[in-house]
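In UniProt numbering, the protein residues as written are 1 to 385. Glycine included, C-beta positions come from ideal geometry on N, C-alpha and C.
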């Protein structure tokens, strides 16, 4: 092709025909956009060739998505098609070919978080890869985003063996998404134990709040006991649906619900394998858990405190605990009172198991507090406060 001389160019300019890029832009009134590194811009996908994505961003040349990003979000890039609008960040304002290099990592992350939200809303199963076991569960890679499977959301097969899942593909369900906190919580057992969970949820429908059931202690922990209950054993008549069915659920009796008296060690009160009668006080249908109580099957001893322990009335009790702040005195089952250290007579000491004569200083039924004082005797055997 014959090159134009400067004389030809000048002639064309004089004749009104654009001869340079600047003149062409001026004639068409088209303005090229200038870009800065780190700037966020929006454009449209015009072509996808293999792993290369071309985006029209209004520049003198189409922008190109950084090649190394393809591996970070394959699913996102594979779903793109010409005409799609994308938002990216400028990495390089101009390469050797005059192209802007874009990063779509933020857009890909947006897409992944939206996909997690949709999966949770529609109860879909997704695939992740185990990365690292922790004290509380398992960290996983969920399409380039870290997720967490709590130990409570792993099936019984992996109790104490979380390391077996490291490096393996795992099917899970999304149970919590919070992008602002970068929090993605997943459940493995929602997939592996789906049938059992569904049966448990259906069984929950037969549970009655306040219902009484026979149960068996199947686990002991410092904060309470786990009891397996038989739903057919409730005191109300069985329905036709329940007849012939063996439906069992597990629930927790918190240490505070074992007895009206204070329990410091559950092992001193009850043993694994013991049969107990419990009352249902709470139902968590979503997680298939029951809250149970043993003590509520007997009357609350504090219901009689107001009438039995009036101010200035005198009683006999037994020292149940000696502490720096005072002495706890057992009055009867489930009723304890406190002799505050500041109210202890000078030179008088007690030890656990000692009998003591006390008088009632005050009663607070709302807070279940009974304040006591020591009844003193003079050398002649006269009793006084």
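Beta-carbon proximity of residue i to residue j, cut-off 7 Å
{"i": "residue 279", "j": "residue 293", "result": "yes"}
{"i": "residue 107", "j": "residue 86", "result": "yes"}
{"i": "residue 162", "j": "residue 139", "result": "no"}
{"i": "residue 151", "j": "residue 100", "result": "no"}
{"i": "residue 188", "j": "residue 175", "result": "no"}
{"i": "residue 313", "j": "residue 363", "result": "no"}
{"i": "residue 405", "j": "residue 277", "result": "Nothing can be reported for residue 405, as the shown portion of the chain is limited to 1 through 385."}
{"i": "residue 112", "j": "residue 145", "result": "yes"}
{"i": "residue 311", "j": "residue 330", "result": "no"}
{"i": "residue 166", "j": "residue 133", "result": "yes"}
{"i": "residue 207", "j": "residue 269", "result": "no"}
Among the options, the one whose alpha carbon lies nearest that of residue i
{"i": "residue 328", "options": "320, 141, 197", "result": "320"}
{"i": "residue 339", "options": "130, 217, 325", "result": "325"}
{"i": "residue 415", "options": "136, 142, 44, 38", "result": "Residue 415 is absent from the model: the chain starts at 1 and stops at 385."}
{"i": "residue 172", "options": "136, 212, 130, 164", "result": "130"}
{"i": "residue 115", "options": "179, 228, 285, 282", "result": "179"}
{"i": "residue 252", "options": "267, 262, 98, 217", "result": "217"}
{"i": "residue 365", "options": "37, 336, 174", "result": "336"}
{"i": "residue 376", "options": "165, 349, 353, 255", "result": "349"}
{"i": "residue 261", "options": "110, 117, 334", "result": "334"}
{"i": "residue 47", "options": "80, 368, 68", "result": "80"}
{"i": "residue 316", "options": "356, 298, 60, 299", "result": "356"}
{"i": "residue 77", "options": "105, 41, 146, 56", "result": "105"}
{"i": "residue 37", "options": "103, 309, 133", "result": "103"}
{"i": "residue 367", "options": "306, 254, 53", "result": "306"}
{"i": "residue 56", "options": "84, 304, 109, 39", "result": "84"}
{"i": "residue 300", "options": "98, 257, 268", "result": "257"}
{"i": "residue 322", "options": "197, 210, 351", "result": "351"}
{"i": "residue 35", "options": "54, 109, 132, 61", "result": "61"}
{"i": "residue 92", "options": "109, 82, 71, 67", "result": "67"}
{"i": "residue 51", "options": "65, 94, 40", "result": "65"}
{"i": "residue 210", "options": "248, 281, 264", "result": "281"}
{"i": "residue 70", "options": "109, 147, 95", "result": "109"}
{"i": "residue 59", "options": "49, 53, 94", "result": "94"}
{"i": "residue 135", "options": "160, 308, 196", "result": "160"}
{"i": "residue 248", "options": "295, 304, 255, 197", "result": "197"}
Nearest-angstrom Cβ-Cβ length linking residue i and residue j, presumed shorter than 8 Å
{"i": "residue 228", "j": "residue 250", "result": "5 Å"}
{"i": "residue 98", "j": "residue 41", "result": "In fact, because the Cβ distance is near 16 Å, the residues do not count as touching under 8 Å."}
{"i": "residue 45", "j": "residue 82", "result": "5 Å"}
{"i": "residue 225", "j": "residue 266", "result": "6 Å"}
{"i": "residue 386", "j": "residue 297", "result": "Given a span of 1 to 385 for the chain in the structure shown, any question on residue 386 remains unanswerable."}
TODO: Count the C-beta pairs between the region 220–232 and the region 166–184 that are closer than 8 Å, then say yes if the count reaches three, no if not.
DONE: no
Open item on the list: Which runs of the beta strand (DSSP E) at least 3 residues long sit entirely within the region 284–357? Give them in chain order.
Closed with: 289–293, 314–323, 326–332, 335–340
- [ ] Would you check if the region 262–281 and the region 195–202 touch, i.e. whether three or more CB-CB distances between them fall below 8 Å?
- [x] no
Open item on the list: For the structure I just gave you, are there three or more beta carbon pairs, one from the region 365–375 and one from the region 338–348, closer than 8 Å?
Closed with: yes
Open item on the list: Between the region 111–125 and the region 154–161, can you find at least three pairs of beta-carbon atoms closer than 8 Å?
Closed with: no
- [ ] Would you list, in sequence order, the uninterrupted beta strand (DSSP E) runs of no fewer than 3 residues that lie entirely inside the region 44–93?
- [x] 52–56, 63–65, 85–92
Open item on the list: To test your reading of the DSSP string, which unbroken alpha helix (DSSP H) runs of 4 or more residues are found completely within the region 103–185?
Closed with: For the region 103–185, whole alpha helix (DSSP H) runs of length 4 or above, ordered along the chain, are 105–121.
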